[in-house]
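**Q**
Residue numbers (the working numbering), protein chains in the order written: chain A, 490 to 1081; chain B, 86 to 280.
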């Protein structure tokens, strides 16, 4: 595509996306043909009396456009014909030479993507009419100053909890064939951390609780020495082919991330897509007037989070780009200048939709969020609230909301723990709950051997004042000490309202139909939700894991492009799964 | 906030002593106490001072002699936090008193700080019943943890868990469950016919 004599480059969408083909679109306008007399014309449309010199087929949300001509360009109908326009225009604008122009021919009674705040630093509107706009590149765009894929800063916000997972994550990063790298931690890890001399620690003065994740990530970006940032949570296990995937994806990328898996078992039999790339299903209408009027989520009182939560959040389709798609906070691969241009909002804390807010602001600023195909990450740990009863909601390639369920119940012996909490800690939490609400304390439940029995008895025996703050505290204590996982804002509000109406009899619901609690026990036969040894999260190398990975690869490849995407088919999935599996030797030096 | 009931006879003998008694006992017993029932003014509280906001029940009733939620709510916010609430409910029907207590509990639910005691002065005959009503209005009570009571709910929960584990949720689950119930009906029909 670098042929400078090229007159007309035509794009074609990937068929499964059901985006309009050239036959369904209008023809290239005469104005566009006139304007492109001396410049290449790029469009999804067909042109009368002009055959395309190059046809770029099967374009989807994971596509890059590294070889667009670097001189003046003319696009026709790009923004009205394709939701992938932001990706094409991003690459075109960054490869454009300074002094050259991009002409966008379309119905322009709206602001084009290239006029958004990010591009205003480098592109200036030279001419505008009702059917076209010309932008000329005055200076390099911010991300161009961070060109190059050789130098990386791996940034991990962390804290004082068990460092087993962090050790595994850092060990994998040290193995990556990155020419020049540094590892930054924001927060001081536990003393069991093994790689003190391989990391740099910043931001130790950031207070907690609550977890000020936004401040940590912003500090990491500011303190990073290299231009390529990989900001990950301390449970994200990177693939061993990280560098090859990045080189294949290309430089000058926007906000990007890998698809992420969580395997519920130690044989890689039960994959679940976990916290990577999400979207909001626009079919659901929720009362967001207050949010929109204020313009920024963080300007809203936290009580409105329950309203915001009512929207349907789905795993975004990796090949179907939409402007509402955003990377969840687990993994960001981003150029330093792009992050500094649109950092996270420090008025928000962890689990306050800070990733959603940043994603929406990025899109408003002109920076898309995309997926890097060809490699996966895996999550070392999970939270059951991300996949109730094993279900994942996702956006299919055709643009419809769908759901999939992990493999039917597996034997308890091969399952990983459900909640990252030791049994000892869980018992302490239960004892704290009992001491606070039950007159006899934990002693009265000593005769109960079944965990579910104990929980129900503890809830039933609780007595508390009929006072809003006391009831809210009771619900918070159930969340922290019984569920040991996060309850949604809406669920908490519903429980509070039900306590007002039904008082003690609501406990009957908690004892017989409490959805979140039932979901946890449904996912763990035998009721073992916690770990005895944290190494239970890490599979051992051997043929059982390879066989399980192969079965999962076969299953995922059948849904390729719908649930996940990998260009390599079954073999590609298999290799990607193995490349990102956190084996036991990463977590345990003794058992290596 | 301790719920306190004072009988009409005690109140009419020496109201100030009864209120002082209520205040002192409420402060001493703390939040763990059940409802206090004061049936007679005790001499040792004769000199004790009590700070109280006294409300006659008519202030809380509307034209139909029913408790007015708006009035009770607005008054609940206006009452000083350091003074007991004393409601004079003598000569009122017990059903009216119960309705007032329910509305009062709903109004006081949203307040951050409660007064040290909520005192109801009632006729002697109604004192015990109102004491129980008053206590349960301002508390979320514990449920019985007897085996028989818990086992039933536990069975329901286990069924729910198993249904979620094996049948999932949503449309597939409903169809499978409907199919299972249909088969059970067929089986019981067949058993009836054969017997």
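Even for Gly, the Cβ is constructed at its ideal location relative to N, Cα and C. Note that the coordinates shown come from a computational prediction; the quantities given were computed from them, not determined experimentally.
I need the straight-line Cα distance from residue 433 (chain A) to residue 893 (chain A), nearest angstrom please.
**A** Since the first residue shown for chain A is 490 and the last is 1081, residue 433 (chain A) is missing from the structure and cannot be characterised.
**Q** Below 8 Å, can you find three or more Cβ-Cβ pairs linking the stretch 623 to 643 of chain A to the stretch 705 to 719 of chain A?
**A** Judged by Cβ distances under 8 Å, the stretch 623 to 643 of chain A makes contact with the stretch 705 to 719 of chain A, as three or more pairs qualify.
**Q** Going by the beta-carbon positions, is the gap between residue 955 (chain A) and residue 861 (chain A) smaller than 8 Å?
**A** In the first chain, counting from the first residue as 1, residue 955 (chain A) sits at position 466. In the first chain, counting from the first residue as 1, residue 861 (chain A) sits at position 372. Result no, Cβ atoms of residue 955 (chain A) and residue 861 (chain A) do not sit closer than 8 Å.
**Q** Counting only Cβ-Cβ distances shorter than 8 Å, please list the residues of the stretch 888 to 916 of chain A near chain B, keeping chain order.
**A** Residues 892, 894, 897, 898.
**Q** Just the Cα atoms here: how many angstroms apart are residue 247 (chain B) and residue 1011 (chain A)?
**A** Residue 247 (chain B) sits at position 162 when you count from the first residue of the second chain. Residue 1011 (chain A) sits at position 522 when you count from the first residue of the first chain. About 6 Å.
**Q** Can you tell me where the beta strand (DSSP E) with residue 751 (chain A) in it begins and where it stops?
**A** Within the first chain, residue 751 (chain A) is the residue found at index 262, counting from 1. 744 to 752 is the extent of the beta strand (DSSP E) around residue 751 (chain A).
**Q** On the CB-based measure, 16 or more other CB atoms within 10 Å of its CB, does residue 824 (chain A) come out buried or exposed?
**A** Sequence index remark: in the first chain, residue 824 (chain A) carries index 335 (1-based). It is buried - the Cβ of residue 824 (chain A) has at least 16 other Cβ atoms within 10 Å.
**Q** Enumerated in chain order, which unbroken segments of the alpha helix (DSSP H) with a length of 4 residues or greater are wholly contained in the stretch 693 to 745 of chain A?
**A** Entirely contained in the stretch 693 to 745 of chain A, the alpha helix (DSSP H) runs reaching 4 residues are, in chain order, 702 to 712, 731 to 738.
**Q** So, using beta-carbon positions, are residue 1062 (chain A) and residue 1042 (chain A) closer together than 8 Å?
**A** Taking the first residue of the first chain as position 1, residue 1062 (chain A) is located at position 573. Taking the first residue of the first chain as position 1, residue 1042 (chain A) is located at position 553. Yes. Within cutoff.
**Q** Using CA atoms only, rank isn't needed, just tell me which of A:658, A:653, A:665, A:702 is closest to residue 681 (chain A).
**A** Position 192 of the first chain, counted from the start, is the residue given in the question as residue 681 (chain A). With distances taken between Cα atoms, residue 681 (chain A) lies closest to A:653.
**Q** Mind pulling the chain A residues with CB within less than 9 Å of residue 202 (chain B)?
**A** Counting from one through the second chain, the residue named residue 202 (chain B) turns up at place 117. Going along chain A, no residue has its Cβ under 9 Å from residue 202 (chain B), so there is no contact; the nearest lies around 13 Å.
**Q** Give me, in chain order, the residues of the same chain whose beta-carbon lies closer than 6 Å to that of residue 490 (chain A); leave out the 5 immediate sequence neighbours on both sides.
**A** The residue labelled residue 490 (chain A) in the question sits at position 1 within the first chain. In this predicted model, residue 490 (chain A) has a pLDDT of only 43, less than 50, meaning its place in the structure is not dependable; the value taken from the coordinates is given anyway. The answer, listed in chain order, is 543, 556.
**Q** State the start and end residues of the unbroken alpha helix (DSSP H) segment that holds residue 797 (chain A).
**A** In the first chain, counting from the first residue as 1, residue 797 (chain A) sits at position 308. 794 to 798 is the extent of the alpha helix (DSSP H) around residue 797 (chain A).
**Q** Put residue 600 (chain A) into one of helix, strand or coil per three-state DSSP.
**A** Residue numbering aside, residue 600 (chain A) sits at position 111 when the first chain is read from its first letter. Correct three-state label for residue 600 (chain A): coil.
**Q** List, in chain order, every chain B residue whose beta-carbon is nearer than 8 Å to that of residue 942 (chain A).
**A** Mapped onto the first chain, residue 942 (chain A) falls at position 453. The contacting residues are 235, 239.
**Q** Figure out for me which residue from A:563, A:1040, A:1073 has the closest Cα to the Cα of residue 1064 (chain A).
**A** Indexing the first chain from 1 puts residue 1064 (chain A) at position 575. Measuring from the Cα of residue 1064 (chain A), the nearest candidate turns out to be A:1040.
**Q** Check the C-beta distance from residue 1026 (chain A) over to residue 905 (chain A) and give it rounded, since I have them as a contact under 8 Å.
**A** Numbered from 1 along the first chain, position 537 holds the residue referred to as residue 1026 (chain A). Numbered from 1 along the first chain, position 416 holds the residue referred to as residue 905 (chain A). That belief holds up - the Cβ atoms of residue 1026 (chain A) and residue 905 (chain A) are roughly 5 Å apart, short of 8 Å.
**Q** To the nearest angstrom, how far is it from the Cα of residue 86 (chain B) to the Cα of residue 108 (chain B)?
**A** Against the second chain, residue 86 (chain B) aligns to sequence position 1. Against the second chain, residue 108 (chain B) aligns to sequence position 23. Roughly 11 Å separates the two Cα atoms.
**Q** Report yes if the C-beta distance between residue 263 (chain B) and residue 201 (chain B) is below 8 Å; otherwise report no.
**A** What you label residue 263 (chain B) is simply residue 178 of the second chain in a count that begins at 1. What you label residue 201 (chain B) is simply residue 116 of the second chain in a count that begins at 1. No.
**Q** Looking at the unbroken alpha helix (DSSP H) that takes in residue 944 (chain A), where does it start and where does it end?
**A** Counted from its first residue, the first chain places residue 944 (chain A) at position 455. Residue 944 (chain A) -> alpha helix (DSSP H) spans 940 to 949.
**Q** Would residue 810 (chain A) pass as a contact of residue 746 (chain A) if the rule is Cβ separation under 8 Å?
**A** For the purposes of this step, residue 810 (chain A) is taken as residue 321 along the first chain, with counting starting at 1. For the purposes of this step, residue 746 (chain A) is taken as residue 257 along the first chain, with counting starting at 1. In this structure, residue 746 (chain A) does not lie closer than 8 Å to residue 810 (chain A) by Cβ.
**Q** For residue 608 (chain A), is the classification buried or exposed, using 16 other Cβ atoms within 10 angstroms of its Cβ as the cut-off for buried?
**A** Counting from one through the first chain, the residue named residue 608 (chain A) turns up at place 119. Looking at its Cβ environment, which holds 16 or more other Cβ atoms inside 10 Å, residue 608 (chain A) is buried.
**Q** Less than 8 Å between the CB atoms is what I'm expecting for residue 1034 (chain A) and residue 730 (chain A), so what's the real figure, rounded?
**A** Translated into the one-based positions of the first chain, residue 1034 (chain A) becomes position 545. Translated into the one-based positions of the first chain, residue 730 (chain A) becomes position 241. Residue 1034 (chain A) to residue 730 (chain A), Cβ: 18 Å. No contact.
**Q** Who are the Cβ neighbours of residue 775 (chain A) in its own chain at under 7 Å, not counting the five residues just before and after it?
**A** Here residue 775 (chain A) is taken as the residue at index 286 of the first chain, counted from 1. In this predicted model, residue 775 (chain A) has a pLDDT of only 49, less than 50, meaning its place in the structure is not dependable; the value taken from the coordinates is given anyway. 796, 799, 800.
**Q** Strictly below 8 Å CB to CB, what residues from chain A border residue 253 (chain B)?
**A** Taking the first residue of the second chain as position 1, residue 253 (chain B) is located at position 168. Neighbours of residue 253 (chain B) on chain A, chain order: 878, 879, 880, 894.
**Q** Quick check: the Cα distance between residue 783 (chain A) and residue 978 (chain A), rounded to an integer number of angstroms?
**A** Walking along the first chain from the start, residue 783 (chain A) turns up at place 294. Walking along the first chain from the start, residue 978 (chain A) turns up at place 489. The pLDDT assigned to residue 783 (chain A) is 48, lower than 50, so where the model puts this residue is not dependable; a value taken from the coordinates is nonetheless given after this. Spanning the two alpha carbons is a distance of roughly 20 Å.
**Q** By DSSP, does residue 576 (chain A) sit in helix, in strand, or in coil?
**A** Reading the first chain from its first residue, position 87 is the one you call residue 576 (chain A). Residue state, collapsed to three classes: helix.
**Q** List, in chain order, every chain A residue whose beta-carbon is nearer than 8 Å to that of residue 169 (chain B).
**A** What you label residue 169 (chain B) is simply residue 84 of the second chain in a count that begins at 1. Chain A residues near residue 169 (chain B): none, gap ~16 Å exceeds 8 Å.
**Q** Taking 7 Å as the limit between beta carbons, can you name the residues of its chain near residue 634 (chain A), skipping five residues before and five after?
**A** Residue mapping note: residue 634 (chain A) aligns to position 145 of the first chain, counting from 1. Excluding positions up to five away in sequence, the list reads 826.
**Q** Going by beta-carbon coordinates alone, are residue 831 (chain A) and residue 850 (chain A) separated by less than 8 Å?
**A** Counted from its first residue, the first chain places residue 831 (chain A) at position 342. Counted from its first residue, the first chain places residue 850 (chain A) at position 361. In this structure, residue 850 (chain A) lies closer than 8 Å to residue 831 (chain A) by Cβ.
**Q** Tell me whether residue 569 (chain A) sits in a helix, a strand or coil according to DSSP, three-state version.
**A** In the first chain, the residue the question calls residue 569 (chain A) occupies position 80. Three-state result, residue 569 (chain A): helix.
**Q** Looking at the strands, I want to know which residues DSSP matches up with residue 590 (chain A).
**A** Indexing the first chain from 1 puts residue 590 (chain A) at position 101. Paired residues: A:625.
**Q** For a contact meaning CB atoms closer than 8 Å, what does residue 1002 (chain A) contact in chain B?
**A** Here residue 1002 (chain A) refers to the residue found at position 513 when the first chain is read from its first residue. Ordered by position in chain B, the residues that pass the 8 Å Cβ test against residue 1002 (chain A) are 241, 242, 245.
**Q** Between which residues of its own chain and residue 715 (chain A) is the CB-CB distance below 8 Å, once the five residues before and five after are set aside?
**A** In the first chain, counting from the first residue as 1, residue 715 (chain A) sits at position 226. Same-chain partners within the cutoff: 640, 641, 642, 669, 670, 671, 825.
**Q** Figure out for me which residue from B:267, B:265, B:236 has the closest Cα to the Cα of residue 943 (chain A).
**A** In the first chain, the residue the question calls residue 943 (chain A) occupies position 454. Residue B:236 is the option with its Cα nearest to residue 943 (chain A).
**Q** What separation, rounded to the nearest whole angstrom, lies between the Cα atoms of residue 498 (chain A) and residue 560 (chain A)?
**A** Here residue 498 (chain A) corresponds to residue number 9 of the first chain, with the count starting at 1. Here residue 560 (chain A) corresponds to residue number 71 of the first chain, with the count starting at 1. The alpha-carbon atoms of residue 498 (chain A) and residue 560 (chain A) are separated by roughly 14 Å.
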